[in-house]
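S.K.:
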């Protein structure tokens with residue numbers, strides 16, 4: 110193709126202009142060309158969104174922190190493959206790298222100071238608070254932690270335990286048991302479960318009545334061995350005749 114362009118197409122005379130394409134390129138087009146940029150073009154995505162109540166915005170199933178004073182405000186996201194920038198009133202207010210696998214990317218300075226105590230709690234602390242509500246809540250919280258990176262799930266567990274503490278212990282335990290049974294490991298799912306009163310409904314019988322290793326034998330039942338065993342019938346003694 111290159112040889113055909115060089116030796117045929119670009120050097121033949123055009124019927125209407127009476128000129129060759131190679132001459133037009135050298136005389137008119139080449140002087141107008143500019144060097145390519147030293148850096149490759151970076152695709153950019155702009156998206157309008159609103160700051161959530163937890164001082165984060167959502168993009169591509171991950172959360173990025175924004176200064177807490179902007180909670181409830183409409184902002185713009187400028188997103189590339191490597192970074193995410195947040196703009197409020199044409200002013201950049203946050204920048205995050207898009208590396209990592211966690212669900213949340215949070216800058217401490219973006220969050221209000223009165224929440225620092227909760228942010229710095231460990232997994233053990235929240236498991237301890239869950240245990241005070243009951244074994245079912247502790248088991249559920251451990252499952253939530255194990256379902257993803259611990260640091261990513263810490264915020265969800267904080268919200269879950271704090272919310273469960275506002276209910277009577279029996280409802281907290283029932284809600285945790287039901288959420289764990291159905292694999293509901295998000296704060297929103299647990300909150301909806303309680304709001305709809307699903308914790309007050311019985312679980313499937315298989316879970317409500319744990320299976321035992323063996324069933325209790327009825328009073329007059331016989332085992333298989335007894336049924337298959339035929340005891341010898343006693344023979345009557347023979348009477349000798351005289």
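Numbering (the working numbering), first residue to last: 110 to 351.
Ideal Cβ placement from N, Cα and C applies to all residues, glycine included.
Computed from a prediction, not measured in an experiment: that's the story for all the values here.
Quick one: what's got a C-beta closer than 6 Å to residue 189's C-beta in the same chain, skipping five residues either side?
M.R.: Once the five neighbours on either side are set aside, the close Cβ partners of residue 189 are 151, 153.
S.K.: Have a look at 194, 163, 285 and flag the residue whose alpha-carbon is nearest the alpha-carbon of residue 312.
M.R.: Here the closest residue by C-alpha is 285.
S.K.: Kindly indicate which residue of 181, 186, 129, 302 has the alpha-carbon position closest to the one of residue 199.
M.R.: Ranking the options by Cα distance to residue 199, first place goes to 186.
S.K.: Could you tell me how far apart the beta carbons of residue 302 and residue 281 are, in whole angstroms, since I believe they sit closer than 8 Å?
M.R.: At roughly 11 Å, the Cβ-Cβ gap does not stay under 8 Å, so residue 302 and residue 281 are not in contact.
S.K.: Output needed for residue 300: all residues of its chain with C-beta closer than 7 Å, excluding positions within five of it in sequence on either side, in chain order.
M.R.: So the list reads 272, once near-sequence residues are dropped.
S.K.: In angstroms with no decimal places, state the Cα-to-Cα distance between residue 195 and residue 264.
M.R.: Spanning the two alpha carbons is a distance of roughly 22 Å.
S.K.: What does the alpha-carbon distance come out to for the pair residue 177 and residue 164?
M.R.: Approximately 5 Å, taken between the alpha carbons.
S.K.: Helix, strand or coil, according to DSSP, for residue 219 in the structure here?
M.R.: Residue state, collapsed to three classes: helix.
S.K.: For the alpha helix (DSSP H) containing residue 123, list its first residue and its last residue.
M.R.: Where residue 123 is concerned, there is no enclosing alpha helix (DSSP H), given that its DSSP letter is neither H nor E.
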